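Quick notes on the structure that follows.
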Amino acid sequence: MLKLDKLVKTYKTGDQALKAVDIEIPKGQVLALIGPSGAGKSTLIRCINRLVEPTSGQVYLNDVELTCLSTSALRRERRRMGMIFQEYALIERLTVMENVLSGRLGYVGFWRSFLRKFPQSDVDEAYRLLDRVGLAEMADKRADELSGGQRQRVGICRALIQNPALLLVDEPTASLDPKTSRQIMRLICELCQERNLAAIINIHDVALAQMFVQRVVGLRFGAVQFDGPPENLTPEVLTMIYGEEDWEATIEKIEDEDEADLL
Amino acid sequence: MPTNDKNGIKIWQRRTNRESIFHWLLWLIGIMIFTYCWQQISKSTTWFFVWDAPRIATDLWTRATPPKWEYISQLGKPIWDTLNIATLGTLFALIIAVPVAFLAARNTTPSRFIIRPIALLIIVSTRSINSLIWALLLIAIIGPGVFAGIIAIAIRSIGFCAKLLYEAIEEIDATQVEAISATGASRWQVMVYGIVPQIMPAFAGISVFRWDINIRESTVLGLVGAGGIGLQLSASLNVLAWPQVSLILLVILLAVVISEWVSAKVRGAII
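So the protein sequences, as listed, match chains A and B. End of the first sequence = 558 in the working numbering, gap-free, step of one. End of the second sequence = 275 in the working numbering, gap-free, step of one.
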């Protein structure tokens, strides 16, 4: 479904953020991307929808090669990649509804979007999505009136109304409290399952990632250090990705939490 | 090294010895320059006129009071002109300032090396010349009257509004723009959804602030013949009709107070 082929990003400063990354993701797979700060996680997902231009290498989305597309062709392909951000990146002064509908901008002409005359089918879908994430009552509130968890739900709706094939999720829980973090992760993973979406989730919280995803990729200094199921994340592997630290506690905590969940 | 080791106790000072001597010298030089200037100004002042000032002022006060209230009937039209000069001038200025600001802001300009310098040049050149001087020039070109005043105010305001607005554009949150771009939105859609809502409060604030300033500026434009209440003011001053002058000043004061009140209300409502 998504295939990264020797993806390289070198910034103008000479920093090599990505060193020939190869990753292939089948349809419907949720992948967590872990790694220390500065490992190139954000750069990686931004190179996929070209918010950051990759230096070399290819990105294939369902056999369409993205890195060589023209501006208008790129816009068409971007519609199929929903993006969710760490600080929500909602338009603070617009309403929840306007924020959700902004996910349709790639499908709607300029004047229609300027006058906020979105097709009725889009509006219906927006209400359905808001209802699905539990924000049906909030449609007319301004985005800056919402709490962090609510804002992230709006962000999720904005990504899903694009009707994407792939979700690019950048640190969805980094600004949220532990309980809300779990709810948001659970929601993202459930929605991916419902709609058979592939997703790449950048995440710092290893324990949270292990709880929800089927596959983990560990990035260090822009290179893939680990690629496998979450059970294989042993202390040795975490040391390889993050460096020397006592990892037993992190892994034990997950097992405890899993038991707590069962209770 | 502000920390000195004295008998094993670490003594911390804000500055090293050398730095404090330097600061002391700087102050000394500053005070010497001030004293010298004070003496020069004092020498070239005709102190007789200054000592005389309170007497002249009271004399003027008695001549100017009470204001000639019945003169108000002739001030309605000029003050209306003045308000129109300010309002229309601000409006025209904004129409030009908005695109100039987008061309000047680093994150929205289509070309950093050609268009941005041109936009900055427009901003600097319109801002650096006072509206009174613009009015003098324009009266020579398009003749005296309200229209010259409107254009003078408009030109002077372009640079001011565009500068403040482009600074606001440069300070927007880039991730909101990223988020809109990531949906597949076009360049113009990104502007309307990602940028415009973020700069709306700044835009409203700048517009009413400039309108407020322009009401004050347009009251003096009449002095050079560009219409408005300044025309009455200069006419009254020329014939030494002090009671009329005091009434005009009162009317200007009232207009400015009202405009302050309106702009404060508008700013409060939008932000």
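Heads up, the beta-carbon is just placed ideally off N, CA and C, and yes, glycines get one too. Note that the structure is predicted; figures quoted are calculated from it, not measured.
With fewer than 16 other Cβ atoms inside 10 Å of its own Cβ, G80(B) counts as exposed. Three or more Cβ pairs closer than 8 Å define a contact, and the region 237-245 of chain B falls short of that threshold against the region 87-95 of chain B. For N497(A), the uninterrupted beta strand (DSSP E) segment begins and ends at 493-497. Taking the CA atoms as reference points, I343(A) sits about 35 Å from F207(B). Across the structure, I320(A) and G377(A) are spaced so that their CA atoms are roughly 16 Å apart. DSSP places R510(A) in the uninterrupted beta strand (DSSP E) bounded by 510-515. DSSP lists no beta-bridge partner residue for K81(B). Contact check for I13(B) and T112(B): beta-carbon distance about 58 Å, past the 8 Å limit, so the pair fails to qualify. Take the alpha-carbon of F516(A) and the one of L302(A): they are about 14 Å apart. Within 8 Å of the CB of G198(B), the CB atoms of chain A belong to I386, in sequence order along the chain. Looking only at Q193(B), L254(B), L225(B), the smallest Cα-Cα distance to S408(A) is reached by Q193(B).
The secondary-structure analysis by DSSP pairs R437(A) across a beta bridge with T390(A). Contact annotation: in the region 183-207 of chain B, residues whose CB is within less than 9 Å of a CB in chain A are A183, I184, S185, A186, T187, G188, A189, S190, R191, W192, Q193, V194, V196, Y197, G198, P201, Q202, M204, P205. DSSP, reduced to helix, strand and coil, places S416(A) within a helical segment of the structure shown. Burial is judged here by how many other beta carbons sit within 10 angstroms of a residue's own beta carbon; Y170(B) has at least 16 and is buried. When rounded, the separation of the alpha-carbon atoms in N458(A) and I127(B) is 44 Å. With a threshold of 8 Å between beta carbons, L455(A) makes no contact with chain B.
In the structure shown, Q457(A) falls within a coil segment according to DSSP collapsed to helix, strand and coil. According to DSSP, residue pairing for L297(A) in a beta bridge involves I320(A), L356(A).
Where Q248(B) is concerned, the enclosing alpha helix (DSSP H) starts and stops at 246-274.
With a cut-off of 8 Å on Cβ pairs, the region 216-224 of chain B is in contact with the region 254-274 of chain B, counting three or more such pairs. In the DSSP assignment, G377(A) falls within the unbroken beta strand (DSSP E) covering 376-379. With a cutoff of 8 Å on beta-carbon distance, Q381(A) and A469(A) are scored as near each other.
By the Cβ criterion, the region 146-165 of chain B is in contact with the region 95-104 of chain B, since at least three pairs of Cβ atoms, one from each stretch, lie closer than 8 Å.
Here the C-alpha atom of T187(B) lies approximately 12 Å from the C-alpha atom of C452(A). Here DSSP, grouped into helix, strand and coil, assigns W215(B) to helix.
Among the residues of the region 401-434 of chain A, those with a Cβ less than 7 Å away from any Cβ of chain B are G401, F405, S408, F409, in the order of the chain.
Look at T62(B): its C-beta is not under 8 Å from any C-beta on chain A. Residue range 191-194 is occupied by the alpha helix (DSSP H) that includes Q193(B). According to DSSP, N527(A) shares a beta bridge with no other residue. The beta-bridge partner set that DSSP reports for F52(B) is empty. About 11 Å separates the CB atoms of L528(A) and Q520(A); that is not less than 8 Å, and the two are not in contact. Straight-line spacing of the CA atoms in S250(B) and T69(B) works out to 7 Å.
Residues of chain A with a Cβ closer than 8 Å to the Cβ of Q180(B) are, in chain order, A384, L385, I386, E387. Taking 7 Å as the Cβ-Cβ cut-off, the region 339-371 of chain A approaches chain B at N344, L346, R370, R371, given in chain order.
Spatial neighbours of N8(B) in its own chain (CB-CB distance under 6 Å, excluding positions within 5 residues in sequence) are listed in chain order as I15.
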